[in-house]
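A.B. asks: Take a look at the following structure, please.
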Amino acid sequence: MDDTVEINDRNLEIIAYNIAGMAQVMCSHDGCGVVVSYHESISHENACPHGRCTCTEPGCDFAAPLSALVIHLAEAHSIQVHRMEYCMSREFRVTMTRPGSLFRRIVIQGEDGSVFVLNIGVHGSDTVVSLVRVSVCTSTWPLYRVKMWAHGPPPSSKADCKRDVVSMAAYASSSASPGAVPVEELTSFLVVPGPYLVGDGSSKQLRLYIRICKHM
Numbered sequence: 030m031d032d033t034v035e036i037n038d039r040n041l042e043i044i045a046y047n048i049a050g051m052a053q054v055m056c057s058h059d060g061c062g063v064v065v066s067y068h069e070s071i072s073h074e075n076a077c078p079h080g081r082c083t084c085t086e087p088g089c090d091f092a093a094p095l096s097a098l099v100i101h102l103a104e105a106h107s108i109q110v111h112r113m114e115y116c117m118s119r120e121f122r123v124t125m126t127r128p129g130s131l132f133r134r135i136v137i138q139g140e141d142g143s144v145f146v147l148n149i150g151v152h153g154s155d156t157v158v159s160l161v162r163v164s165v166c167t168s169t170w171p172l173y174r175v176k177m178w179a180h181g182p183p184p185s186s187k188a189d190c191k192r193d194v195v196s197m198a199a200y201a202s203s204s205a206s207p208g209a210v211p212v213e214e215l216t217s218f219l220v221v222p223g224p225y226l227v228g229d230g231s232s233k234q235l236r237l238y239i240r241i242c243k244h245m
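Written out as C-alpha cells, the structure reads:
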C-alpha cells in the first residue's frame, strides 16, 4: 500500500494557513503589548486604542491615539465634535464666507467610537465636501457606508414641486492622516454647486445632510 501524500499548491496553502494560525504576535502599537493570534492581528490593530493618528491641521505635528486626537482637535484647534448614530440622517449647517479660500473641519464620532473628519472647502464657486474615517489600519473591515446630499434652491414655480438634489454614496475612505489625503484619492466626497448655498451676500450657509451606516 502506498502511503505517499500528494503535496500540491492547495495543500501547501492550507498547511501555511494553519501554521500561521498557531503563531502569536504582539500588537505593533506602542503602549499596547497585547498578544493575539496572527489571524486576529489585523482586526486587533484596527481597533487598538493605542494606534497613533496625526492631527489634521497644517503645521501641527501632534500624533496620538484616537481618543486623545479628538480631544486635541477640540481643545487646540476649536474643531466641533458631533456624536452621530449610525443609519440616522443628520443635518449640518455651515456658514461659508466668500470671497477667500475658506476651509472648515468637523469631527463626527460614531456610536462605536469610530471617528470621521468632515472636510469642507471652497473651490471656485463650488463647495467640496469630503469625509474620511480616521484609522491606523488601512484594512477595509468594518465598512462604513456614507451618504451625503444637499438640496438645490426652491423651484421658481409653484407648479414645479420638484427640488434638485446633489448627492453621493460610497464607502468611507480611511487614513491615519485624515488631513493629508488628496481629494482625488478619496472615495467619499461631494461637490455642491454655488446656487445650492442658502443666504444673500458673501456669507452663505451650506445645509448638508449625512448618513453613515456600519456594515459588519
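Note that my numbering gives residue 181 to position 152 of the sequence shown, counting from 1, and the numbers run on in steps of one. Think of the CB as a built atom: it goes at the ideal place given N, C-alpha and C, for glycine as much as any other residue. From a predicted model like this one, the values you see are computed outputs, not experimental measurements.
Between G60 and the rest of its own chain, which residues show a CB-CB distance below 6 angstroms, the 5 nearest in sequence each way excluded?
C.D. replies: H79
A.B. asks: Which partner residues does D155 have in the DSSP bridge list?
C.D. replies: H152
A.B. asks: Report buried or exposed for H244, applying the criterion of at least 16 other Cβ atoms within 10 angstroms of its Cβ.
C.D. replies: The residue is exposed, with fewer than 16 neighbouring Cβ atoms inside 10 Å.
A.B. asks: Taking the Cβ atom as the reference point for each residue, do L215 and V158 lie within a distance shorter than 8 angstroms?
C.D. replies: no
A.B. asks: Could you tell me which residues DSSP puts in a beta bridge with V227?
C.D. replies: Q234
A.B. asks: Taking the beta carbon of S130 as the centre, do at least 16 other beta carbons fall within 10 Å, making it buried, or is it exposed?
C.D. replies: Caution applies to S130, whose pLDDT of 49 falls short of 50 and renders its modelled position unreliable; the model cannot decide the point.
A.B. asks: Measuring only the C-alpha atoms, how far is S232 from G139?
C.D. replies: 30 angstroms
A.B. asks: Could you give the DSSP three-state label for G129: helix, strand or coil?
C.D. replies: Because the pLDDT at G129 is just 49, under 50, the model does not fix this residue reliably, and the value given afterwards should be weighed accordingly. Three-state DSSP puts G129 in coil, outside helix and strand.
A.B. asks: Name the two residues that bound the continuous alpha helix (DSSP H) containing A201.
C.D. replies: A201 -> no alpha helix (DSSP H), and no H or E assigned at all.
A.B. asks: Starting from G139, follow its DSSP beta bridges and name the residues at the other end.
C.D. replies: Note: G139 sits in a beta bridge opposite M113.
A.B. asks: Does DSSP put P207 in a helix, a strand or coil?
C.D. replies: helix
A.B. asks: Tell me H81's beta-bridge partners as DSSP assigns them.
C.D. replies: Position check: residue 81 holds Arg in this sequence, whereas His was assumed. Its beta-bridge partners are P94.
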